[in-house]
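At the far end of the sequence shown sits residue 53, using our numbering, and the numbering has no gaps. Single-structure report; data block below.
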Amino acid sequence: MKKVIKFFVSLILVLFGLLFLIYFFNLDQKLMEFAYRFVNKVFDRKKTDLNF
Numbered sequence: 002m003k004k005v006i007k008f009f010v011s012l013i014l015v016l017f018g019l020l021f022l023i024y025f026f027n028l029d030q031k032l033m034e035f036a037y038r039f040v041n042k043v044f045d046r047k048k049t050d051l052n053f
């Protein structure tokens, strides 16, 4: 029982540390910037017809 509690406490601490690093270094926004550039490359290649 003690081993299970220790496992869950360590898991929570590791996840908290990971989320703090993502927040501190703004990694979520850097990932979105990469994804935004990739999506723009894909959709800028397509020819669009803007007839209304």
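From the three backbone atoms N, C-alpha and C, an ideal C-beta is built for every residue, glycine too.
| Asked | Found |
| --- | --- |
| Inter-residue Cα distance where the pair is MET33 and PHE21 | 18 Å |
| Residue range of the unbroken alpha helix (DSSP H) whose run includes PHE26 | Neither: PHE26 is in no alpha helix (DSSP H) and is coded neither H nor E. |
| TYR37 versus LYS7: straight-line alpha-carbon distance, rounded | 40 Å |
| Coil, strand or helix - MET33 by DSSP | helix |
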